[in-house]
Structure formats: structure tokens, C-alpha cells
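These protein sequences, in sequence, are chains F and S. Last residue of the first sequence: 235 in my numbering, with the numbers rising by one and none dropped. Last residue of the second sequence: 235 in my numbering, with the numbers rising by one and none dropped. For glycine and all other residues, C-beta sits at the position ideal for the given N, C-alpha and C.
Number of protein chains: 2
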Amino acid sequence: MYSLLNMCSIDATDDRTALARIRDAAVVRFGEVGFSETTVRDIAAAAGVSAGLVLHHFGSKAGLREACDDYVVAEFARSRIEAVESGEIDPFAAMASVQAEQHLMRYFLQSLRESSPAASRLFAASFEETLRLMELSVEQGVIRPSDNLHDVTAVLLAWQFGGMLLQEHVARVMGVGTDVAEMMPRYARASLEVLTHGVFADTRYEDAWREFAASGAPPPTEEDPA
Amino acid sequence: MYSLLNMCSIDATDDRTALARIRDAAVVRFGEVGFSETTVRDIAAAAGVSAGLVLHHFGSKAGLREACDDYVVAEFARSRIEAVESGEIDPFAAMASVQAEQHLMRYFLQSLRESSPAASRLFAASFEETLRLMELSVEQGVIRPSDNLHDVTAVLLAWQFGGMLLQEHVARVMGVGTDVAEMMPRYARASLEVLTHGVFADTRYEDAWREFAASGAPPPTEEDPA
DNA sequence: ACCTCGGCTGAACAGGTGTATAGTCTACTG
DNA sequence: CAGTAGACTATACACCTGTTCAGCCGAGGT
Chain F
10 MYSLLNMCSI DATDDRTALA RIRDAAVVRF GEVGFSETTV RDIAAAAGVS AGLVLHHFGS
70 KAGLREACDD YVVAEFARSR IEAVESGEID PFAAMASVQA EQHLMRYFLQ SLRESSPAAS
130 RLFAASFEET LRLMELSVEQ GVIRPSDNLH DVTAVLLAWQ FGGMLLQEHV ARVMGVGTDV
190 AEMMPRYARA SLEVLTHGVF ADTRYEDAWR EFAASGAPPP TEEDPA
Chain S
10 MYSLLNMCSI DATDDRTALA RIRDAAVVRF GEVGFSETTV RDIAAAAGVS AGLVLHHFGS
70 KAGLREACDD YVVAEFARSR IEAVESGEID PFAAMASVQA EQHLMRYFLQ SLRESSPAAS
130 RLFAASFEET LRLMELSVEQ GVIRPSDNLH DVTAVLLAWQ FGGMLLQEHV ARVMGVGTDV
190 AEMMPRYARA SLEVLTHGVF ADTRYEDAWR EFAASGAPPP TEEDPA
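Put into C-alpha cells, the structure is as follows:
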């Protein structure tokens, strides 16, 4: 019904609908520089259409964002479903496949920066899936059992995405470039070390906290002495 | 200490100079909603002056940002020096004192979101100090020795700040409010558990990675299976 | 007294923003 | 073939942005 020829200037071989081109361009721009730094005219130019058409299809810039949110959420869900159907269990491979679609991940990370509604949806969805993965890994003896697996998973997820958000700063203090190939070996080794052995030499801090929590007093300190 | 945000009508007892009021208001606004979402007129109104005066004192909005950056960096440094001079060693207390000046921390976190130049400076400074603290803690037997303490510190710092950045999302999946009093017990318990015992049941992932790194092949996966 | 200088203001300017509107063209339908 | 619907464009509009500018005012020096 709405299949039109696309005459426009972007690429003669681009057979995507103008609407799809707008949406894709918006996902890229929003992911790269953020929502408020992106102009409707930018997106229109990148999609090879006029600014008016963007509003014609999506109503407003906010409507375009919502459409992008829905699209990215759906794409993530689709890629996860594919991964599950292919019988993927290995958590390493799981993360690798998430990393695969870079522009989606960029959009997600940018959403986290801006605390957009999509970020909450994606974080929550990622949490549910990770929690299932953690439970499975505990059964398989890969992950140490915990009577607090729910919160532990939430913290680990925050650390993981938080680490991605601060990638640039980690790379700088490590003295390497921000590209994955250069940074990942260092980051992976350090994080694996912490996630395997912890950082504290004994349980004194954990004990101190447990004792404190049991006393019912308002806790006096921040989270961890990293 | 000194009065915080007094929006339109400045308190008659406010003896700060107009320049200081502008700078303080800018730090608050930049920290709350970010640089590009804050207008010069907003800041001027919050400081009780005209928009022209802001530019008169700081040249431009960018100049104001630089001044705020310098101010916040200096304030952080000052508070850290005070902490060191008071003989503070306990990492818990260290983090608590950092948390104390909330508007400075908010400014820093917002800078991290926006990857502003100040964020790099503050992250690097925080890293240097944390690294010294870690070395000291290793000597005291509190932190487990590591032949990779530099990178481990970088990762832990990224996780800590990253966790703060994603505070809202962690709270949501934990089912608690975002305020510190409600969230911190849960967050502290989970992070202490991980930092004390790790999450992996054995060293298989660490071994696999070491083996892989030794082979010299390009690594195939992402950082951790959180 | 006069003068000067810097803090300070109000209005104006130039550019960019999201958005509304009028109109063109093409494809489909009766 | 008329006619309608919708994709699409160009233009204009209203608003907001950072910034500029001419000038006011009070304090301090001579």
C-alpha cells in the first residue's frame, strides 16, 4: 500500500522506504550525539528527504524518538530471541552477540546517558534476561550461589553498562586507545580478576556491613572503597 | 555551609559576589540538567542578575563552563586534601566524604555523561588517588594483592562511577526508590558480596582468558558475563 | 568638584530550532 | 477519465538561543 519508489539522492541502490531511512538515520544520530544535539534537519538530510517529511511521518521530533525507541527495543529483543533459539548459553558469546549491532548498542548507551524512557525498558529487559542467565549459571556451577542473586545481578549489570559508558575514561587512565581491540584485553583481564577473586583480602568489610545492617542504624558510608 | 539554590529572589543575606553567585548557580544547573540544556538566562535568573552580566564576567557560555570546571576540580581537590590531612585512611569514610558535597558530585557525574573535559580531569585525579589508596590497602592486608593493581583500580573506579550514573535504573529493577537511604543498603550488600567473593564459582573463565591471551589471537568476546 | 572605570542592565540582533501550512506530484480507485 | 489520498517539498512562522551593544550608576582617585 505504501510502497513507493525512492528517487532521492542518498543512494540509488537504497531500497528502504523513506520512513525507514528516516528512522535509521535518526537511530544513528541519536546514538552518536544524543537526542537534543540532533536536529530534525540533520536527520532529514542524512535520510535524503526534506525536514517536513520527518514531521509528516512521525508527528514531531518526540514522536520520532518514540518510534526509534520502539524500533531499537524490538531489534534488541529480536536479536536476543535469535540467540536463545540458536541455543546460546555461554555468557561470553551472549555478550559478543549483543556487541555485534554497534549502532543499537550506541543508541542504548546514549539513552542511558540521557535517562530516556527507552533506557529503562532496555535496562529492565536486559536485567530479566541476565537474571535468568545467572540462575542457569548457578545451576551449572559456573556462578557462585548467592542468596542475593537478584541484587547481585542488578549491580553487575550496572557495572557492565557503566563501564561501557566510561570506556573513554578507563582507556585514558590505562594509557590505551578507546577502540575495542586495544582496550578489551586489559579491561577483560582486570574485570575477570575481580569477578573471580573479589578485591578484598578477607570478609571484614562484608562482616562490618552485615553487623551494621543488623543494628538497624542508618548506614554511614558509601557503597564500596573502589 | 553556604546557602544553596535560591531561585529568583536572592536572599538579602547573600553576601557572595555576583560572580560567585553566577558560578554557583551554573554549577548547580549544569549538574542537574547538563550544559546544553541550561540557558544563560536560566543561570542569570537563578543568580539574580541579568544575562548580560554572565557574559560580561565569563566571556561566553563556554567560558562559564570552563570556570565551573576549574572551580569544581579545585573544590574536589580541596576536600580531598582536607581528608588526607585529617588522616583519613578508611576507604568507606573516604567515599562518604566525597558523597558529602552533593552538588559537586552531581556536576562531576553530569560531566561524565557529557564527556566534558572536566570529567577527564576529575576521573584521572580520582584514579591517581584511588590507586594510592589501593596500594596502601594492599600493604595493610585489606585488599588482596594483585600483579595488575593499576588496571583493577581503573575498572573498579569505572564500575563505581558507572553504578552512580545508572543509579536510577538499578533502583528500578531492585524495586526501591532512588534516594540514597532506600537504595544504599541493597546496593552496598550486593556490591560488597561481589567485591569480597567474586561471582564465578571457579577460575575457569579467568583461565580461559589467560590461555586465550597467551595464544595471541584476537579475543572473541566481550568483557564479562554479568 | 570632576572624571573614570568597572559592575551591571535592558534591549536588540543574528542564527538556529521545531513546527505548521500550502501546494506539487504520483499512484491508485471509482 | 476525473478524483482522491498520501508521500513529499519549499516556505514561512514563532520561539528560543548565545551574544552584542549602548548606556546607567555608584565608588574611588585626582
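Query	Result
Kindly indicate if chain F contains any beta-carbon less than 7 Å away from that of I19 of chain S.	Note that I19 of chain S has pLDDT 46, beneath the 50 cutoff, so the model's placement of it is unreliable and no number is given.
How far does the alpha helix (DSSP H) with F39 of chain S in it extend, from its first residue to its last?	A27 to V42
Show which residues of chain S have a CB atom less than 9 Å away from the CB atom of V151 of chain F.	F209, A210, D211, R213, Y214 and P234
Between L174 of chain S and the rest of its own chain, which residues show a CB-CB distance below 7 Å, the 5 nearest in sequence each way excluded?	L118, L121 and R122
Tell me, please, whether the region 134-145 of chain F touches the region 152-167 of chain S by the rule of three or more beta-carbon pairs shorter than 8 Å.	no
So within the region 190-215 of chain F, which uninterrupted alpha helix (DSSP H) runs reach at least 4 residues, ignoring any that extend past its ends?	none
Shorter than 7 Å from the beta carbon of T47 of chain S to some beta carbon of chain F?	no
How would you list, in chain order, the residues of chain S whose beta-carbon sits under 8 Å from the beta-carbon of M183 of chain F?	H159, D160 and A163
For chain F, find out if any of its Cβ atoms is closer than 7 Å to the Cβ of L14 of chain S; answer yes or no.	Here the model assigns L14 of chain S a pLDDT of 31, short of 50, so the residue's position is not dependable and the matter cannot be decided.
Just the chain F side, please: which residues come within less than 8 Å of G186 of chain S by C-beta, in chain order?	Those do not exist, as G186 of chain S stays about 14 Å from chain F at its closest Cβ, beyond 8 Å.
List the DSSP bridge partners of I152 of chain F.	S:F209
Should Y11 of chain S be flagged as near chain F, meaning a C-beta pair shorter than 7 Å?	Any reading at Y11 of chain S is ruled out, since the residue's pLDDT is 33, under 50, leaving its predicted position unreliable.
How about S200 of chain S: is its C-beta nearer than 7 Å to some C-beta of chain F?	yes
Is the beta carbon of M143 of chain S sitting closer than 7 Å to the one on T162 of chain S?	yes
Compute the Euclidean distance between the alpha carbons of A29 of chain S and V42 of chain S, then round it to the nearest angstrom.	20 Å
Identify whether G61 of chain S lies in helix, strand or coil by the three-state DSSP scheme.	helix
Hey, quick one: how far does the alpha helix (DSSP H) through S95 of chain F stretch, first residue to last?	S95 of chain F -> no alpha helix (DSSP H), and no H or E assigned at all.
As a quick exercise: from S:E215, S:A53 and S:S146, pick the residue whose alpha carbon is nearest that of P194 of chain F.	S:E215
So, with DSSP's three-state summary, where would you put V147 of chain S?	helix
Identify whether T47 of chain S lies in helix, strand or coil by the three-state DSSP scheme.	coil
Please report the distance separating the alpha-carbon of E88 of chain S from that of H112 of chain S.	It is worth fixing the name first, because residue 88 of chain S is Ser in this sequence and not Glu. Whole-angstrom Cα-Cα distance: 13 Å.
Using DSSP with H/G/I as helix, E/B as strand and the rest coil, what is T187 of chain S?	coil
Under 7 Å between C-beta atoms, does Q26 of chain S make it to chain F?	Reading off the sequence, residue 26 of chain S comes out as Thr, not Gln. No, T26 of chain S lies away from the interface with chain F (no Cβ there is under 7 Å from its Cβ).
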